[in-house]
Structures are given as structure tokens and as C-alpha cells.
Amino acid sequence: MKAANDDTPMPPNPDSDTLAAIKQALAQQEFASIEEVNDFLQTFTKQQNLAGNPDFQGLSPYQMHHLLTRPYDAPDVLVFSTQPSGVEEAPIMRLFQMLVDAIGDKGLKATAMGNLPQKFCREAALRYWGEQEHERRTRYGGINREEDFFDLHVVRIVAEMAKLIRRVKGKFVLTATYRKVLKQGGLSSLYTSLFECYVQKFNWDYRSRGREHPFFQQSFAFTLYLLQQFGRTERPARFYEDRFIQAFPMLLDDLHDAILGAEREIRIQYRYRVLTDFAAFMGLVTLQRLSDDLTPEYAVTALPLVFELVEFR
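Written as C-alpha cells, this is what we have:
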């Protein structure tokens, strides 16, 4: 599976009830000409698209469409900050800074396969997880290659995609783009570069190492909206799963799992792909593990960064 997200999937239709509403509205009207019908349809459709939808937690179909299809090109709906504060403790930034420090001015020698060296991966994992968590995660196998520490593997790929690092003559080096971004906007700008690349270019299906479900990635901005609406209060992960399914019930028909069933599959994928591998990894939420199950429940609390990062209008 490719790490780059080359394809732009078509979103499920978030306004599937519109046709029924139009038919009902037409049945309640009388028209003298086809022109009157067309004028009515245009006005009615515009009103429907701009009206808040309770299934979307108050977003209109127009807003939802732009969240799904052009989140970085819809300033009347949402705007991403170029200088959010508090990015230093985001997991992606902690790992990226370790990588930057290891590269330094002299570069970091790559393996024959073009990956990060084993020694650095092991040292980074211990610093990142701490001794207790490191022991838990490596009890069945140590870190012998970059992919064994997959969070770092993802950061390396995303940093290359964002053109902040590259390989030259067998070494990882910092790029002119990195130095320019750092000089102009500091760590905040580096974070936003990594964030945009992670949601727009990196393929989340590659990280999950499972079946392809691109819509979880495509709907990332809706999760940001949910976290801003509800995240100040600690809530179970199921709370956000419920609202995701409420907004996109058509996924129950699109995702099939013979063992788990569609709803259970959606919940598991949302919990890991979105809440864990996106929101927590980007420093937008804290997740408190509530059980030791294979698919544990989490308590979710939004962090200040999610309110700094994006403004919904």
C-alpha cells in the first residue's frame, strides 16, 4: 500500500434526504409555469443547503460539502491558522524535533534501504515512550528497523513529503525549505506544514496497514469541528463515533465486515485512524485508556491546540 495519498475519493452524499424534501415541497405548491417551478427549486435548494442540519451538529450541507472536499480552500467555512501556539508537545512535533536534532548540520546516515538507522530509532523510541511504556511495547519484539517504531516511520515519510528533509548521497539532511519555514514562522509553521501534509498527502490507509477506507481521512475537518463543539468536556470515544455515524450513515452500507458487522467496523476504524492516529498524534486531544481490551474505550478531551489550529465560520 502506498504512503502517498494520490487519489481523491468521492465523498458519500451528505444530503441524501434533499430529493424527498423537494418532492414534498413541490406537492404543497401551485405553479403557473415551468419558470416558476425552476425559480422555486433554486430558492428551496439554496435554503436547504444553507440551513443547519442536526445530523451534522448544526453544520449546513454547504458547509459539510466544503469540509469534505476543499477544507484548505473554503475561507467562508473554515480557516487554518499558520501560527498556532502550543505545538511543541504534539507527538508528531516531539518526534520531528528528535529527527531534526539527529540530522543536525552533518546529516544522518541512512540504511541501505533508505531508512533511519537502528540506533537512532531505538533511542528515539525510549525517549518518546518512556521506560515503562517502552518495555510494554517491546515485550514481544524489539526495534530492529524503522518500521518497528511506526510513529517515527510516519514522521520521516511526512517530513519528506513536506520537503523538510531529504536524502542526499546516503544521508538525511535538512532542506532549504525547512530553514525557510523555521526562520519565517518557527515551530508553529513547521507544525502546520506537517499537519497539512499529513491530512492532504499522506495516505492514512498505509498507516493503518489494513483495508482501504479513505473517507475517514477525507472527513478529518468534521472531526476538528466535533472536537471544538464538544471537546472541552471529557467524553468517551463512543460519543464521537456516534456523531460520525449520525452524519454519515451511508457508511453502514459501504463498510462490510463479516465478523464485526458494519457499525462495529466503523467504530474501530474511527477510534484508531481518527482519534488515535490523527487527533492524538497531532496533539489535538488526550486519550485516557479505560480498559485493557483489544479494542479499548478511551476518554477523549480536546487540547488547546485544536482551538488554535482552525476557525470555523
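Take the sequence shown: its position 116, counted from the start at 1, is 666 in my numbering, and no numbers get skipped.
Cβ atoms here follow ideal geometry from the backbone N, Cα and C, with glycine treated the same way.
Just so you know, these numbers come straight off a predicted model, no measurement behind them.
{"Query": "So what does DSSP say about R759, is it helix, strand or coil?", "Result": "coil"}
{"Query": "Taking L618 as the reference, give the member of A849, F772, K719, V637 with the closest Cα.", "Result": "F772"}
{"Query": "What first and last residue would you give for the alpha helix (DSSP H) that runs through T773?", "Result": "770-780"}
{"Query": "For the alpha helix (DSSP H) containing A652, list its first residue and its last residue.", "Result": "641-653"}
{"Query": "Considering Cα atoms alone, identify which of V627, P634, F766, E791 is closest to F745.", "Result": "P634"}
{"Query": "With three or more C-beta pairs closer than 8 Å as the rule, is the segment 806-826 touching the segment 656-674?", "Result": "no"}
{"Query": "Is there contact between the segment 606-622 and the segment 819-826, where contact requires at least three CB pairs shorter than 8 Å?", "Result": "no"}
{"Query": "Quick one: give me the first and last residue of the alpha helix (DSSP H) that Q734 is part of.", "Result": "726-750"}
{"Query": "Check R823 in the structure and name its three-state DSSP category.", "Result": "helix"}
{"Query": "Quick one: residues in its chain with C-beta nearer than 6 Å to the C-beta of Y748, no 5 flanking neighbours on either side, listed in chain order?", "Result": "V708"}
{"Query": "Is the beta carbon of L702 sitting closer than 7 Å to the one on A674?", "Result": "yes"}
{"Query": "If you drop the 5 nearest sequence neighbours on each side, which residues of the same chain put their C-beta closer than 6 Å to that of R817?", "Result": "E791"}
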